[in-house]
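Going by full-length UniProt numbering, the residue at position 334 of the sequence shown is 334; the numbering climbs one at a time, nothing skipped. All C-beta atoms, glycine included, are put in the ideal place defined by N, C-alpha and C. Have a look at the structure below before the remarks.
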Amino acid sequence: MKITLMKKLSIAILIAILGSIALTSFISNYTVSKKFKEYLIDEHKSKENDVIKMIEDLYAKQNNFTNTNKDEIQRYAELQKLYIEVRDLNNNILYSSGNDYLQQKNGMGNMMMGSMMRNFSGMNLGQYTENKYPLSINNKNVGTIIIGYFGTSYLSSGSVTFISTLNHSLLLSAVIALIFGLIISIIISKGISKPIINITKTANTMRTGNLEVRSLVNTNTKEIDELSNSINYLAETLNDQEMLRKRMTSDIAHELRTPLTTLKTHIEAFIDGIWEPTTERFESFYEEIERLTKLVDNLRNLAKLEQTNLNLSKSKVNISTELEKIIDSFKPLYIKEHYELNGIIEPEITTILDKDKFKQIITNLLSNSYRYLKENGRVTVTLKEENKNIIIKVIDTGIGIPEKDLPYIFERFYRSDISRNTNTGGSGIGLTITKAFVEAHGGKISAQSKENEGTTFTIYLPA
Ligand code: ADP
């Protein structure tokens, strides 16, 4: 059974509140009761001591009790709800307070005990107990004092009120805490569940294909805010991927269409007898077919690149000399177009990498720079080692990359509008391959560019 977050949170908070109230009530009731019982017992003890002292004082005067003495003891016994009896050494009763008032009290005591039992569970207050004490005058034992009482007799009405007030206030605070907790739990769970519901709505809208929606939640809960940002990021990424997919399909269709159209019109001309099938014409067919084959190969290579982990055959390579060699091999091509190609190379930088892949990385970047240079263009390749990183830059003064295209140039088949419109002969996968090779070496590649001013590609390789 699925239960809503709001319900779950509210129930959890309420259970926590109820649990803590029950625990606090139990602990406070138990400790207060215990302390209170100890206090009452002490009180009773001092009451008994008073009785003993009073009897001894009165007896000592004449070695017996006068009627006035007896009245005094009787008053005290009734007031304190105690049974008092004094016997001599021969066990003759010298004084007895009688127990009429105690019997009365017993009835009441039972009633009181009933209410006490509710408050003090485990305290046996209804029992009648008698304690015997020696009656000693001048350290000589002359008789026995018997003090009897019902357990409840040492519970004054004040103490009963105290205990019941304590319990009432505990109950009242429990009810207030519960109401308060209920309100707080509703506020908290609403605060948490509402933005999540909004995010879910956004995600569901995205599922229907609308990738333009964004989750707009106003929350101060860090995790929910992050979730909302992640959903928005996901929407953006999916949107970009969707755009790239559409663009890639149309690009591939375009790439396929051009050679196919050429072939088709030429063959139609042969069939109609308008054109003679000359070697020259077959050669141009061959070129078109080559272009198609190259495109298909590229597609296949790219698929391989994405499916498998790249196998690198690594060895120790002096990249300073390697880079010089690649630059030298490009020089004739650049010179032919009156372009300038220079290297600022820190010598003797070595690292372990796949030499062929490294060569392809630099070749791809230099071919691109060459392809997108302007008149009197200049390309500079730099190499240096910094903080355990090998940094290679390829800086050109070419046509640059529009800002809107810059985030996508490493995507498969992505070509900026300028290079799509001008026939540069590119296919939009050079940089995808370059990036895959750099990353396979644990490195990073990035591009900075300004339209009409030039582009800089930076490669970081671990030294
Ligand atoms: P392409 O085969 O089209 O050059 P790449 O993957 O190598 O494919 O490059 C992707 C796109 O990035 C290019 O179409 C071009 O728009 C842009 N680009 C790459 N290098 C440069 C550069 N040095 N100067 C300007 N634009 C560049």
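Take the Cβ of residue i as the centre, count every other Cβ of all protein chains shown within 10 Å, and call the residue buried at 16 or more, exposed below.
i, result
"N92", "exposed"
"A22", "exposed"
"N110", "In this predicted model, N110 has a pLDDT of only 41, less than 50, meaning its place in the structure is not dependable; the value taken from the coordinates is given anyway. Exposed, by the Cβ-count rule."
"M112", "With a pLDDT of 39 at M112, under the threshold of 50, the modelled position of that residue is not reliable, and no figure is offered here."
"L353", "buried"
"H441", "buried"
"Y44", "The amino acid occupying residue 44 in the given sequence is His; Tyr does not appear at that position. When all chains shown are included, H44 counts as buried."
"K140", "exposed"
"D50", "exposed"
"T332", "This sequence places Pro at residue 332; Thr is not what is there. Counting Cβ neighbours within 10 Å, P332 comes out exposed, since fewer than 16 surround it."
"F26", "exposed"
"L323", "buried"
"A77", "buried"
"A12", "exposed"
"L260", "exposed"
"V175", "exposed"
"K357", "buried"
"Y30", "exposed"
"F282", "exposed"
"A235", "buried"
Would you mind stating whether residue i and residue j have Cβ atoms separated by less than 7 Å?
i, j, result
"N239", "S215", "no"
"E385", "I349", "yes"
"I326", "G343", "no"
"G400", "E340", "no"
"Y460", "I361", "no"
"residue 551", "Q62", "Residue coverage of the chain in this structure runs from 1 to 463, which leaves residue 551 outside it and unanswerable."
"D251", "F437", "no"
"S193", "S10", "no"
"I17", "G191", "no"
"Y133", "I52", "yes"
"L263", "E288", "yes"
"G430", "R415", "no"
"F457", "V394", "yes"
"N69", "L79", "no"
"Y128", "F162", "no"
"G143", "L89", "yes"
"S320", "I345", "yes"
"L299", "E411", "no"
"K388", "A463", "yes"
"T265", "N364", "no"
"R378", "T397", "yes"
"T205", "V213", "yes"
Any heavy atom of the ligand SAM within a distance shorter than 6 Å of the CB on residue i?
i, result
"N368", "What this structure holds is the ligand ADP, not the ligand SAM."
Once DSSP output is grouped into helix, strand and coil, what is the label at residue i?
i, result
"K374", "coil"
"S193", "helix"
"D272", "coil"
"F87", "As written in the sequence, residue 87 is Arg, which differs from the Phe given in the question. Strand, per DSSP."
"Q448", "strand"
"G442", "coil"
"Y133", "strand"
"K70", "helix"
"L172", "helix"
"S284", "helix"
"E212", "coil"
"Y76", "helix"
"V160", "helix"
"V296", "helix"
"E242", "helix"
"Y414", "coil"
"E385", "strand"
"S369", "helix"
"K357", "helix"
"S427", "coil"
"T380", "strand"
"S313", "coil"
Got a sec, what are the start and stop residues for the alpha helix (DSSP H) residue i sits in?
i, result
"residue 474", "Since the displayed the chain opens at 1 and closes at 463, residue 474 lies outside it and no answer follows."
"N29", "5-62"
"P332", "319-336"
Tell me, to the nearest whole angstrom, how far the beta carbon of residue i is from that of residue j; I am working on the premise that it is less than 8 Å.
i, j, result
"S189", "M6", "4 Å"
"E130", "I146", "6 Å"
"I199", "L227", "6 Å"
"I196", "I179", "With a Cβ gap of about 26 Å, I196 and I179 do not count as contacting."
"S446", "T455", "The Cβ separation is near 11 Å, so there is no contact."
Got a sec, what are the start and stop residues for the beta strand (DSSP E) residue i sits in?
i, result
"L341", "340-345"
"I352", "350-354"
"F150", "140-150"
"I392", "389-396"
"I459", "454-462"
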